[in-house]
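> Protein chains in written order, with this note's numbering: chain A, 353 to 834; chain B, 353 to 834.
2 protein chains.
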Amino acid sequence: MMARREIFRGFTNMLRGVRMHSGGIARKQFAKIEESDISTFRKLLGEKSVITNDDSLEFHNNDWMKQYRGNSKVVLKPKSTEEVSSILKHCNARKLAVVPQGGNTGLVGGSVPVFDEVVLSLSSMNKVLSLDEYSGVVECEAGCILQNLEEHLAKHGFVVPLDLGSRGSCQLGGNVSTNAGGLRLIRFGSLRASVLGIEAVMADGTVLDSLKTLRKDNTGYDIKQLFIGSEGTLGVITKVAISVPRKLESVHLAMLGCNNFQQVLEAVAAAKFKLAEIVSAIEFFDQQCSDLVVRNLPGMSHVLETSSPFWVLVETTGSEDSHDSDKLYNFLNYCMEKQVVEGGTVAEGGTQMRKLWGMRENIPMALLKEEEVFKYDLSVPTSEMYNLVEIVRERLKERYPQAGVFGYGHLGDGNLHLNVTCPTADKEAVESILEPFVYEWTAEKRGSISAEHGIGQMKISKLYLSKPPELIALMRQIKGVF
Amino acid sequence: MMARREIFRGFTNMLRGVRMHSGGIARKQFAKIEESDISTFRKLLGEKSVITNDDSLEFHNNDWMKQYRGNSKVVLKPKSTEEVSSILKHCNARKLAVVPQGGNTGLVGGSVPVFDEVVLSLSSMNKVLSLDEYSGVVECEAGCILQNLEEHLAKHGFVVPLDLGSRGSCQLGGNVSTNAGGLRLIRFGSLRASVLGIEAVMADGTVLDSLKTLRKDNTGYDIKQLFIGSEGTLGVITKVAISVPRKLESVHLAMLGCNNFQQVLEAVAAAKFKLAEIVSAIEFFDQQCSDLVVRNLPGMSHVLETSSPFWVLVETTGSEDSHDSDKLYNFLNYCMEKQVVEGGTVAEGGTQMRKLWGMRENIPMALLKEEEVFKYDLSVPTSEMYNLVEIVRERLKERYPQAGVFGYGHLGDGNLHLNVTCPTADKEAVESILEPFVYEWTAEKRGSISAEHGIGQMKISKLYLSKPPELIALMRQIKGVF
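(1) Comparing alpha-carbon positions, which option in Glu-804(B), Tyr-760(B), Val-732(B) lies nearest Thr-794(B)?
(2) For Phe-393(B), which residues in chain A fall below 8 Å Cβ to Cβ?
(3) Please state the DSSP three-state secondary structure of Glu-723(A).
(4) Classify Tyr-573(A) as buried or exposed, calling it buried when 16 or more other Cβ atoms lie within 10 Å of its own Cβ.
(5) Check whether chain A comes within 9 Å of Asp-574(B), counting only Cβ atoms and requiring the distance to be less than that.
(6) Counting along the chain, where does the beta strand (DSSP E) carrying Trp-416(B) start and finish?
(7) Pull out every residue of the segment 618-631 of chain A whose Cβ sits closer than 8 Å to any Cβ of chain B, in chain order.
(8) Quick one: measure Cβ to Cβ for Phe-636(B) and Tyr-791(B), integer angstroms, because I've assumed they're closer than 8 Å.
(9) Is there contact between the segment 562-573 of chain B and the segment 763-777 of chain A, where contact requires at least three CB pairs shorter than 8 Å?
(10) Between the alpha carbons of Leu-719(A) and Lys-441(B), how many angstroms are there, rounded?
(11) Given that a residue counts as buried once 16 or more other Cβ atoms are within 10 Å of its Cβ, and exposed if not, what is Pro-820(A)?
(12) Would DSSP call Phe-467(A) helix, strand or coil?
(13) Going along the chain, which residues of its own chain have a beta-carbon closer than 7 Å to the beta-carbon of His-508(B), five neighbours each way excluded?
(14) Looking only at DSSP bridge pairs, what is Lys-591(B) linked to?
(15) On the DSSP bridge list, what partners appear for Leu-665(B)?
(16) Three-state secondary structure (DSSP) at Asn-531(A)?
(17) Please name the residue, chosen from Lys-727(A), Thr-697(A), Val-596(A), Lys-425(A), that lies closest to Glu-491(A) on a Cα-to-Cα basis.
(18) Let me confirm a value: Arg-519(B) is counted as buried when at least 16 other C-beta atoms fall within 10 Å, else exposed. Which label applies?
(19) Rounded to whole angstroms, how far is the Cβ of Ile-575(B) from the Cβ of Met-827(A), which I believe are closer than 8 Å?
(20) Which of the residues in the segment 798-831 of chain A, read from start to end, lie with their CB under 7 Å from any CB of chain B?
(21) For chain A, find out if any of its Cβ atoms is closer than 9 Å to the Cβ of Ala-383(B); answer yes or no.
(22) Give me the chain A residues within the contact set of Gly-518(B), using Cβ-Cβ distance strictly less than 9 Å, ordered along the chain.
(23) Check whether chain A comes within 9 Å of Ser-671(B), counting only Cβ atoms and requiring the distance to be less than that.
(24) Among residues of its own chain, excluding the 5 on either side of Lys-797(B), which ones have a beta-carbon nearer than 7 Å to its beta-carbon?
(25) Whose Cβ in chain B lies nearer than 7 Å to the Cβ of Leu-452(A)?
(26) Quick check on the DSSP output: the alpha helix (DSSP H) that includes Leu-823(B) runs from which residue to which?
(27) Ignore the nearest five residues each way along the sequence and tell me which others in Met-353(B)'s own chain have a CB closer than 8 Å to its CB.
(28) Return helix, strand or coil for Leu-817(A), following the three-state DSSP convention.
(29) Between which two residues does the alpha helix (DSSP H) containing Asp-676(A) stretch?
(30) Helix, strand or coil: which one does DSSP assign to Pro-513(B)?
(31) Compute the distance between the beta-carbons of Asp-638(A) and Pro-661(A), then report whether it is under 9 Å.
(32) Start and end of the alpha helix (DSSP H) containing Gln-704(A)?
(33) Between Gly-843(A) and Pro-513(A), is the Cβ-Cβ spacing less than 9 Å?
(34) Below 8 Å on C-beta distance, what does Arg-544(B) contact in chain A?
(35) Could you tell me the alpha carbon to alpha carbon distance between Gly-832(B) and Leu-578(A), rounded to whole angstroms?
(36) List the DSSP bridge partners of Tyr-760(B).
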């Protein structure tokens with residue numbers, strides 16, 4: 353018999369499932385959607401919020417990476433928490449499977465249906481609800497798009513403590529459900545640190561009100577922490593309250609070239625020390641990445657004439673331009689004197705800044721232009737970060753010289769994006785060299801096999817490499833509670 | 353029958369208990385410690401780690417506030433995780449109740465025995481295990497004293513992202529178990545944001561290894577978050593890994609006098625904006641508090657000749673002294689021009705700084721010199737913070753003019769410490785005016801009845817005022833999982 357609240361696909365449950373395809377997921381004994389269900393949904397939500405048109409379903413059935421494709425026949429777009437609750441009550445009673453969906457920008461196949469689940473899209477719940485300027489707290493509905501919230505806050509002198517390449521379409525509820533990482537983590541810490549409250553609806557329709565707007569609240573177990581990063585498997589987040597810092601006007605950006613990864617490490621250490629309170633991003637990419645961006649994307653060109661094996665982007669954000677400028681030049685001089693960088697540039701003005709950031713932010717897009725891409729999102733101690741890239745490059749060099757190996761990521765946070773590209777003909781052979789090697793190497797370093805992208809469908813079968821059996825057993829039991 | 357793993361007192365379980373005294377806790381059907389248990393403990397840990405001497409037990413049986421007193425006959429001081437595990441296996445099999453204890457500096461009676469529990473003291477597990485200077489991550493055993501860790505890190509140029517008045521005796525495991533708040537929260541956020549990993553032992557002796565040292569790890573439910581703030585009810589934290597920021601040498605401190613709370617709010621808003629990236633503490637206390645400190649503690653004197661209804665302490669910490677000094681004076685000028693402060697002083701040098709901080713940090717000690725003290729640790733939206741102090745003062749003024757009403761706290765975080773003192777003869781009458789009023793008022797503002805002190809024994813019966821029944825039900829079910 354199916355447990356009462358198993359209508360959300362859950363990575364803990366799936367571990368017990370039968371492997372049917374590469375995603376490792378078997379369709380369970382859920383009911384099939386019938387005409388009477390559609391009628392019920394129409395009654396609950398109104399005609400416009402029930403999408404059954406094939407063309408409109410297309411977006412919701414495919415993931416951003418085009419790796420996963422579901423076959424859902426209905427997308428529901430509730431406009432209130434009460435509507436979410438009524439949907440889930442019905443689905444739970446009818447044993448219809450449900451997949452909650454935000455902006456559908458995830459990279460691990462977590463937000464798309466696999467079979468014929470009901471897609472519960474939060475896109476119509478997109479209002480900013482309140483902003484307390486004294487406390488610095490904003491409340492919004494889960495479907496609020498990150499960039500829209502950013503623009504709303506900017507008018508009041510605040511900023512979201514989170515920034516992602518997908519800012520134009522990802523939603524706050526999805527960001528919280530996946531504990532999104534991104535570009536500002538080094539400054540503001542994990543999103544978990546900024547989320548003060550959530551409202552969520554459990555599978556049986558129960559509304560959990562944990563929508564506090566307090567920076568401090570030590571009253572019992574912090575249940576909302578379980579929802580953060582649980583990828584919609586415990587319930588649907590409907591509202592979030594987030595602590596927001598002041599928007600600071602002084603932003604500087606430098607791009608540094610290093611000859612080897614030891615220099616990169618020294619540059620990061622220097623940035624954390626010399627730019628301590630103003631550093632807002634430390635990113636890196638290797639020469640392979642910058643060459644790829646220039647080769648694959650029209651209109652992109654190298655920032656500097658000189659080439660460099662490694663590029664480090666250092667961004668500062670502060671309240672006083674002259675102070676920040678002083679600090680940045682002190683830092684650069686220090687790096688030159690200590691010979692930890694070989695060269696570089698400081699962006700003058702917005703256009704140059706966008707160009708420098710563009711090199712970094714366009715890497716995922718440039719990778720998608722290749723025939724096949726293997727993407728790994730790993731955390732390891734910072735000093736170990738690039739070793740894996742070099743080891744993988746070495747392993748592939750002889751047998752598959754056509755394969756490309758690219759390393760970039762959030763250097764200040766120890767988060768490496770290792771990407772391997774190859775012709776489709778080589779796909780399986782290359783995969784067999786990469787896996788399980790990459791995951792096992794990471795596990796050996798006590799790293800994470802998914803630093804910021806989550807588990808989704810892609811990494812279910814690898815979870816045991818990041819979590820010991822006792823913790824996975826607890827995950828299962830906790831999933832049983834919700 | 354007792355559940356297998358109920359040997360830890362848990363606030364969720366206690367809700368079902370029979371009220372026997374003001375703590376609201378009934379002794380359950382646990383076994384009594386016998387000579388054979390003591391022998392077993394001696395075999396497991398060695399003679400020196402098993403304390404049964406009455407004088408030595410005294411400290412462990414009493415809480416810091418002298419409000420709670422247990423009657424424990426044995427204190428165990430394991431030296432390793434394996435020893436903790438073996439103790440718990442034995443206690444679980446024998447159905448002996450256990451209370452984990454760190455520095456025993458809590459204010460809500462969470463770390464002392466109530467009856468005859470086995471005290472599991474972490475004080476002998478006090479080693480710093482590692483420091484990764486590239487990643488900025490320290491690992492230590494749970495019994496490591498906060499100040500000792502601070503001193504160890506200082507040698508390497510790092511700092512703990514947590515500071516408390518009890519730093520000289522509180523322990524890291526206790527800090528994490530209670531999600532301690534304190535003086536640096538406005539800069540580094542909740543301790544939850546800095547804890548990267550823990551190792552814990554569950555009641556049946558199972559060791560949970562979640563001791564990652566990664567800033568980013570999105571692989572499934574973050575079980576360690578449940579341990580943070582659970583006050584030892586789910587297991588015993590034995591090791592912690594914490595992200596540590598660079599130690600910055602430039603520290604400035606200003607004390608501002610304000611005529612009314614609206615001015616205080618404006619000063620905070622200005623500090624968050626003008627001192628954005630360097631502000632490291634914003635504390636406040638009212639005139640009643642400063643008078644009390646001077647009156648009750650020998651050697652203390654007023655910092656300024658002029659008196660002021662409100663005092664705001666603003667501390668900055670940065671990497672470049674001249675920049676910070678500029679910013680601080682800009683901020684002060686802004687405040688004077690906008691007439692949000694009436695006067696104040698900037699500390700010149702360490703002695704003056706210690707004197708200013710002394711006024712704030714000695715308030716709890718000065719309160720303890722009064723006959724009776726009612727302490728409330730509340731979070732409410734910042735703009736509402738002082739309203740409650742004034743309302744309570746008004747309510748008491750007529751009938752109990754001898755009562756003192758004191759307001760101070762972590763202004764930047766919306767955390768109010770409301771304290772009421774009175775002669776012992778008036779205790780019950782004053783209490784009846786205060787409670788449940790204070791808690792209900794806080795609940796009405798969607799505040800927290802325990803912002804940073806936790807639930808312990810003191811607030812079990814008030815938990816329902818901060819958490820809706822659905823969340824309390826989930827707490828119970830989760831406690832059942834561990």
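Glycine is no exception: its CB is placed at the ideal position from the N, C-alpha and C atoms. Computed from a prediction, not measured in an experiment: that's the story for all the values here.
Let me spell this out:
(1) The sequence position of residue 794(B) within the second sequence is 442, counting from 1. The shortest C-alpha to C-alpha distance from Thr-794(B) to any of Glu-804(B), Tyr-760(B), Val-732(B) is the one to Val-732(B).
(2) If you number the second sequence from 1, residue 393(B) lands on position 41. By Cβ distance, chain A contributes nothing, its closest Cβ being about 25 Å from Phe-393(B), past 8 Å.
(3) As a working mapping, residue 723(A) is identified with position 371 in the first sequence. Glu-723(A) falls in the coil class under three-state DSSP.
(4) On the first sequence, position 221 is the one that residue 573(A) refers to. By the neighbour-count rule (16 or more Cβ atoms within 10 Å), Tyr-573(A) is buried.
(5) Here residue 574(B) refers to the residue found at position 222 of the second sequence. Output row for Asp-574(B): interface = yes.
(6) One-based indexing of the second sequence puts residue 416(B) at position 64. For Trp-416(B), there is no enclosing beta strand (DSSP E), as DSSP marks it with neither H nor E.
(7) Those residues of the segment 618-631 of chain A that come within reach of chain B (Cβ to Cβ, closer than 8 Å) are Val-620, Ala-621, Lys-624, Phe-625, Lys-626, Leu-627, Ala-628, Glu-629, Ile-630.
(8) If you number the second sequence from 1, residue 636(B) lands on position 284. If you number the second sequence from 1, residue 791(B) lands on position 439. In fact, because the Cβ distance is near 22 Å, the residues do not count as touching under 8 Å.
(9) Yes, the segment 562-573 of chain B is in contact with the segment 763-777 of chain A.
(10) Counting from one through the first sequence, the residue named residue 719(A) turns up at place 367. Counting from one through the second sequence, the residue named residue 441(B) turns up at place 89. Whole-angstrom Cα-Cα distance: 53 Å.
(11) Position 468 of the first sequence, counting from 1, holds the residue named residue 820(A). Exposed is the label assigned to Pro-820(A), since fewer than 16 other Cβ atoms lie within 10 Å of its Cβ.
(12) In the first sequence, the residue the question calls residue 467(A) occupies position 115. In the structure shown, Phe-467(A) sits in coil (DSSP, three-state: anything other than H, G, I, E or B).
(13) Position 156 of the second sequence, counting from 1, holds the residue named residue 508(B). Around His-508(B), the same chain offers Leu-483, Glu-485 as residues with beta carbons nearer than 7 Å, after the five sequence neighbours per side are excluded.
(14) Translated into the one-based positions of the second sequence, residue 591(B) becomes position 239. BP columns for Lys-591(B) point to Glu-493(B), Glu-551(B).
(15) The sequence position of residue 665(B) within the second sequence is 313, counting from 1. Met-607(B), Glu-635(B), per the DSSP bridge assignment.
(16) In the first sequence, the residue the question calls residue 531(A) occupies position 179. Note: Asn-531(A) maps to coil in three-state DSSP.
(17) Stepping through the first sequence from its first residue, residue 491(A) is reached at position 139. For the set Lys-727(A), Thr-697(A), Val-596(A), Lys-425(A), the Cα lying nearest the Cα of Glu-491(A) is the one of Val-596(A).
(18) Taking the second sequence and counting its residues from 1, one reaches residue 519(B) at position 167. Its Cβ being crowded by 16 or more others within 10 Å, Arg-519(B) is buried.
(19) Along the second sequence, one-based indexing puts residue 575(B) at 223. Along the first sequence, one-based indexing puts residue 827(A) at 475. Indeed they touch by this definition, with Cβ atoms about 7 Å apart.
(20) Of all residues in the segment 798-831 of chain A, Arg-798, Gly-799, Ser-800, Ile-801, Ser-802, Ala-803, Glu-804, His-805, Gly-806, Ile-807, Leu-815, Ser-818, Lys-819, Pro-820, Glu-822, Leu-823, Leu-826, Met-827, Gln-829, Ile-830 have a Cβ within less than 7 Å of some Cβ in chain B.
(21) Residue numbering aside, residue 383(B) sits at position 31 when the second sequence is read from its first letter. Cβ-Cβ to chain A under 9 Å: no for Ala-383(B).
(22) By one-based count along the second sequence, residue 518(B) stands at place 166. In the sequence as displayed, the identity of residue 518(B) is Ser instead of Gly. Within chain A, no C-beta atom comes less than 9 Å from the C-beta of Ser-518(B); the nearest is roughly 15 Å away.
(23) On the second sequence, position 319 is the one that residue 671(B) refers to. Residue contact with chain A for Ser-671(B): present (Cβ-Cβ distance below 9 Å to some residue of chain A).
(24) Here residue 797(B) refers to the residue found at position 445 of the second sequence. Same-chain partners within the cutoff: Val-732, Pro-733, Glu-736.
(25) Taking the first sequence and counting its residues from 1, one reaches residue 452(A) at position 100. Here residue 452(A) turns out to be Pro, not Leu, going by the sequence shown. Result: empty, since nearest Cβ-Cβ is about 16 Å, beyond 7 Å.
(26) Here residue 823(B) corresponds to residue number 471 of the second sequence, with the count starting at 1. Unbroken alpha helix (DSSP H) run through Leu-823(B): 821-833.
(27) Taking the first residue of the second sequence as 1, we reach residue 353(B) at position 1. In this predicted model, Met-353(B) has a pLDDT of only 35, less than 50, meaning its place in the structure is not dependable enough to derive any value.
(28) Along the first sequence, one-based indexing puts residue 817(A) at 465. The answer is helix: DSSP assigns Leu-817(A) an H, G or I state.
(29) Locating residue 676(A) in the first sequence gives position 324, counting from the first residue. Segment 673-689, the alpha helix (DSSP H) holding Asp-676(A).
(30) Position 161 of the second sequence, counted from the start, is the residue given in the question as residue 513(B). In this structure, Pro-513(B) counts as coil in the three-state DSSP scheme.
(31) Sequence index remark: in the first sequence, residue 638(A) carries index 286 (1-based). Sequence index remark: in the first sequence, residue 661(A) carries index 309 (1-based). In this structure, Asp-638(A) places its C-beta atom within 9 Å of the C-beta atom of Pro-661(A).
(32) As a position in the first sequence, residue 704(A) is number 352, starting the count at 1. Element bounds for Gln-704(A): 701-713.
(33) Since the displayed chain A opens at 353 and closes at 834, residue 843(A) lies outside it and no answer follows.
(34) For this step, residue 544(B) is matched to residue 192 along the second sequence. Within 8 Å Cβ-Cβ: Arg-544, Ala-545, Asp-574, Gln-577.
(35) Within the second sequence, numbered from 1, the residue matching residue 832(B) stands at position 480. Within the first sequence, numbered from 1, the residue matching residue 578(A) stands at position 226. Cα atoms of Gly-832(B) and Leu-578(A): separation of roughly 16 Å, rounded to the nearest angstrom.
(36) Taking the first residue of the second sequence as position 1, residue 760(B) is located at position 408. Beta-bridge pairing links Tyr-760(B) to Phe-637(B), His-769(B).
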